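Notes follow the structure.
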């Protein structure tokens with residue numbers, strides 16, 4: 001039986017521009033289908049059309065029917081019941097959909113249907129420690145949040161499950177495990193699952209059928225290793241940094257350094273403490289001990305105790321920019337706000353200059369975040385960070401949700417800033433190839449400890 005059916009599904013802007021499609025969908029229970037497209041190709045819009053959650057002003061044609069229901073014909077009240085009973089959707093930024101104050105146990109039980117696996121069983125399936133049940137969502141890493149969001153969706157026992165880029169930000173071994181979980185859930189529960197991805201390899205591993213949306217998607221092109229910039233003076237040094245939540249040490253005596261015009265990579269499994277280290281550098285998480293030195297100046301551990309200049313010195317570009325870009329502000333307003341924080345009188349045409357530096361046209365200043373592709377939003381997030389005039393940029397998995405081409409565009413932006421502005425970059429990643437191509441040194445974080453460091457050959 002077909003659980004999802006659409007013929008020529010197309011999402012069109014008010015201007016007449018086609019935003020996604022046309023695409024035919026025929027998803028049967030017990031199967032996994034992959035929708036493959038590059039960043040900006042319309043994958044998320046297709047998913048949102050299946051749950052009746054498209055942006056204002058766009059038009060939908062070609063269906064769709066989900067579990068026998070014509071989604072476009074549903075009123076507001078009917079949509080609430082439909083989304084509760086028939087379809088579960090995990091978006092590209094699952095962390096933003098989790099109540100940060102709720103515990104994992106609360107999140108996994110509040111929507112669970114009778115017959116759903118228990119909280120310990122769901123955590124075990126997701127390869128998460130049972131102790132996480134008592135932890136609040138805000139205390140989880142990006143990879144842990146993604147797995148909790150998936151477990152939460154599964155607990156609802158809906159006949160249709162939509163997973164938008166479920167492998168983003170997960171290391172290779174965990175991607176394989178999640179692949180097996182998805183396939184097993186579809187078969188055991190007779191669920192129709194739609195997975196979106198920019199990776200043909202990931203799609204081939206998880207799915208029974210692959211649908212390519214828009215232009216032909218190709219495997220990652222072979223690229224020459226990026227030219228390594230000359231190492232300048234040391235601009236960042238971290239000595240013995242320790243961060244603890246209660247009695248649990250998330251970071252234990254971590255030390256690192258970075259020179260002007262270079263990038264260092266920080267690698268480790270999900271939950272190892274990479275994001276915590278990045279947030280500690282920016283002062284968003286206060287370290288219990290240790291020292292952060294930028295340009296020879298020791299920074300206070302707490303953001304509130306730093307001067308304006310010290311606050312601007314290290315900027316964090318998050319893994320999920322949609323969660324940190326105000327949806328009610330245009331790109332231009334967001335960048336203007338950042339510029340005014342850094343400069344009493346921002347130079348003329350500063351917004352246009354920032355957009356140009358990250359490879360975006362001046363017309364993007366009028367766009368809202370939901371109007372941009374994932375790659376464009378990531379570049380806006382970088383532009384906002386650059387507006388503050390930082391010495392060091394901490395980039396948290398900034399290419400993990402992007403297709404290879406969009407990811408390379410983002411990395412080109414960083415390479416240019418390192419070369420022309422002497423920017424130092426701490427690149428948090430699961431991708432060893434990305435680290436090798438772009439970084440002079442790679443550090444490995446395991447259970448909060450930097451246990452290995454080595455030079456990239």
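Numbering (the working numbering), first residue to last: 1 to 457.
Glycine included, each C-beta is placed from N, C-alpha and C at the ideal position.
Since we're looking at a predicted model, the values are computed, not measured.
Here DSSP, grouped into helix, strand and coil, assigns residue 397 to coil. Secondary structure of residue 253 (DSSP, three-state): strand.
Contact annotation: the segment 35-51 does not touch the segment 98-110, with fewer than three C-beta pairs closer than 8 Å. With a cutoff of 9 Å on beta-carbon distance, residue 430 and residue 397 are scored as near each other.
Secondary structure remark: continuous alpha helix (DSSP H) runs of at least 4 residues inside the segment 88-163, in chain order: 104-109, 119-125 and 142-155.
Scanning 416, 426, 445 and 372 for the CA closest to the CA of residue 19 turns up 372. Taken atom to atom, the span from the alpha-carbon of residue 176 to that of residue 46 is near 25 Å. Comparing alpha carbon positions, the residue from 336, 387, 59 and 330 closest to residue 369 is 330.
By the beta-carbon neighbour count (other beta carbons within 10 angstroms, threshold 16), residue 446 is exposed.
Counting other Cβ atoms within 10 Å of its Cβ, residue 56 stays below 16 and is therefore classed as exposed. Within the DSSP secondary-structure output, residue 258 pairs in a beta bridge with 236. Non-local beta-carbon contacts of residue 328 in its own chain, meaning distances under 8 Å to residues more than five positions away in sequence, involve 368 in chain order. Sorting 150, 383, 240 and 37 by C-alpha distance to the C-alpha of residue 22 places 37 at the top. Minimum Cα-Cα distance from residue 376 among the listed residues 394, 411 and 342 corresponds to 411.
DSSP, reduced to helix, strand and coil, places residue 14 outside both helices and strands of the structure shown, so it counts as coil. For the segment 16-78, the full-length alpha helix (DSSP H) segments reaching 4 residues or more read 43-50 along the chain.
For residue 331, the uninterrupted alpha helix (DSSP H) segment begins and ends at 331-342. Residue 191 is not bridged by DSSP to any residue. The beta carbon of residue 167 sits closer than 6 Å to the beta carbons of 175 and 202 from its chain, once the five residues preceding and following it are set aside; these are given in chain order.
In the three-state reduction of the DSSP assignment, residue 389 falls in the coil class, being assigned neither a helical nor a strand state. Judged by pairs of C-beta atoms under 8 Å, the segment 414-431 touches the segment 249-262, as three or more such pairs exist. Taking each of 43, 395, 439 and 440 in turn and checking the Cα distance to residue 162, the smallest one comes out for 43. Per DSSP, the unbroken beta strand (DSSP E) holding residue 289 starts and ends at 289-294. Shown here, residue 282 sits in a helix according to DSSP, grouped into three states. Restricting attention to 146, 416, 68 and 428, the CA atom closest to the CA of residue 90 is found in 146.
The straight-line gap separating the alpha-carbon atoms of residue 126 and residue 270 is approximately 12 Å.
Between residue 233 and residue 415, the alpha-carbon positions lie close to 17 Å from each other.
The C-alpha of residue 111 lies about 43 Å from the C-alpha of residue 439.
Judged by beta-carbon spacing, residue 194 lies within the 9 Å limit of residue 25, meaning their Cβ atoms are closer than that value. Less than 9 Å separates the beta-carbon of residue 94 from that of residue 149. In this structure residue 428 touches residue 274 by the C-beta definition: roughly 5 Å separates them, less than 8 Å. Residue range 432-438 is occupied by the alpha helix (DSSP H) that includes residue 435. Of the candidates 15, 70 and 76, 15 places its Cα closest to the Cα of residue 58.
The alpha-carbon of residue 357 is positioned some 13 Å away from that of residue 335. In the displayed model, residue 272 falls within coil according to three-state DSSP, outside both helix and strand. Each residue's CA atom was taken as its position, placing residue 364 and residue 296 some 38 Å apart.
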